[in-house]
Amino acid sequence: MESTARDQRFYQRLAEVAVAPLWRIPGTTDPEPVVDEVPHLWRWRELAPLLFEAAEVMDLGEEAERRALNAYNPSRKFGTTHNLVAGYQLVLPGEEAPTHRHTPGAIRFMLSGSGHTVVDGEPVLMEPGDLVLTPSLTWHDHRHVGDEPMIWLDGLDVPFVKAMRAGFYEDYPGRELQALLTSEGDSVRRYGAGLAPANDPWAKPYSPLMNYKWSTAYEALRRLAEAGADPHEAVRLEYVNPVTGGHVLPTMACYLQLLVAGTATRGLRHTSSTVFCVVRGSGHSVIGGKRFDWETNDFFAVPSWTWYEHAADPGEEVVLFSMSDRPMLEPFALYREQRA
Ligand code: GTQ
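So for the sequence shown, UniProt numbering puts the first residue at 1; every next one is plus one.
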């Protein structure tokens, strides 16, 4: 139909009362999700020197509460994916990152060194390969132990929480470090074997286990590897809430995955977005048709509804850690996946 002067006046009048005609709104009838973020790889080799330089530029505890480098998707100003943000964090010997809490939930995958993250009064010892939770509104701080730099990968749901207009943040009263309320590893003793004390009253919307130890997780992964591999998932375990069997956090799910040396997965895509971190070995992923070669400690973003597959180099057993926003989609029946 021709656009007449009368039509134009009509559309102008709609604009004047802040209304748009549905038939002119793009995207209303997209047959599939339109994804505005890109697959991307962040290399440890490139970022590690910058992380250590950050220690010269910024005093932890004085200038800022955390020395963390947030990875943003090159197609966005904030967020590694549209729902998740990931990045390296560094605490040096003698340093402490003060106590605070916020509505965004966080997970930490430990890469090197050691220290305590104190979570609501529980000192949680972080060692390489451990997955530590600091769920929404739990008081948390990080305290270095030993003589190696303490480095981990942070994963948070900040972009989602901001989009929900639900971001709140608070420093610990008096700006002191929180008091210790239990002995080290209390939740590991209660829940660390994947079982829970009988008649356990835990009812919070996140896992009561604050530390999934590397040795336990890797041993379980090796045992599952003996049972065989899935063509799309390879050998893949989810870190679960031992009380409910559900995801570790209401907004984020975490996984540990093994690829036998020289093997590859088949293509997979889903409506959840994922950040993968290379725990061991080297290989590559093809994401949205683009190849990314990765090494230990690198991490990469797989956007929603984007085909991806992983391959382990010959002679290299590969272990991948991943965090996913799948729990944000499931309650609304919006999680969907497809296998090649
Ligand atoms: O370590 O508590 O990357 O509060 C972003 C916000 C880390 C933390 C981040 C945080 C933290």
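By construction, the Cβ of each residue, glycine as well, lies at the ideal position given by its N, Cα and C atoms.
Quiz item: What is the rounded straight-line gap between the Cα of A340 and the Cα of G267?
Solution: 5 Å
Quiz item: Closer than 7 Å: is that where the CB of T271 sits relative to any heavy atom of the ligand GTQ?
Solution: no
Quiz item: Between D59 and the ligand GTQ, is the CB less than 7 Å from at least one heavy atom?
Solution: no
Quiz prompt | Collapsed DSSP secondary structure at P327 in the structure displayed | solution = helix
Exercise. List in chain order: all unbroken alpha helix (DSSP H) runs of 4+ residues lying wholly within the UniProt domain "Cupin type-2" (89–154).
Key: none
Quiz prompt | Delimiting residues of the beta strand (DSSP E) encompassing A71 | solution = A68 to A71
Quiz prompt | Cβ-based burial, W294 [other Cβ within 10 Å; buried from 16] | solution = buried
Quiz item: Closer than 7 Å: is that where the CB of N211 sits relative to any heavy atom of the ligand GTQ?
Solution: no
Quiz item: When DSSP labels each residue in this structure, what does E53 get in the three-state scheme?
Solution: helix
Quiz item: Helix, strand or coil: how does DSSP classify E170 here?
Solution: strand
Quiz item: L41 to F292, Cα distance in whole Å?
Solution: 7 Å
Quiz item: Tell me, which residues are paired with residue 360 by DSSP?
Solution: What is shown of the chain runs 1 to 340, which leaves residue 360 out entirely.
Practice problem: Would you decide whether G194 is buried or exposed? Buried here means 16 or more other CB atoms lie within 10 Å of its CB. | Solution: exposed
Quiz prompt | Three-state class that DSSP yields for F78 in the structure shown | solution = coil
Quiz item: For the ligand GTQ, is there a heavy atom less than 7 Å away from the beta-carbon of D120?
Solution: no
Practice problem: List in chain order the residues whose CB is within less than 5 Å of at least one heavy atom of the ligand GTQ. | Solution: R66, A68 and D154
Exercise. Report buried or exposed for Q338, applying the criterion of at least 16 other Cβ atoms within 10 angstroms of its Cβ.
Key: exposed
Practice problem: Specify, as a first and last residue, the run of the beta strand (DSSP E) that K290 falls within. | Solution: K290 to W294
Quiz item: What's the gap between the Cα of M164 and the Cα of Y335?
Solution: 18 Å
Exercise. Following the continuous beta strand (DSSP E) through residue 341, name the residue where it begins and the one where it ends.
Key: Because the chain in this structure spans residues 1 to 340, residue 341 falls outside the shown range and cannot be described.
Self-check item: Cβ-heavy atom distance, Y335 to the ligand FMN, below 7 Å
Solution: The ligand FMN is absent from the structure shown, which contains only the ligand GTQ.
Quiz item: Can you round the beta-carbon distance between Q257 and V235 to whole angstroms, since I take them to be within the 8 Å contact cut?
Solution: 7 Å
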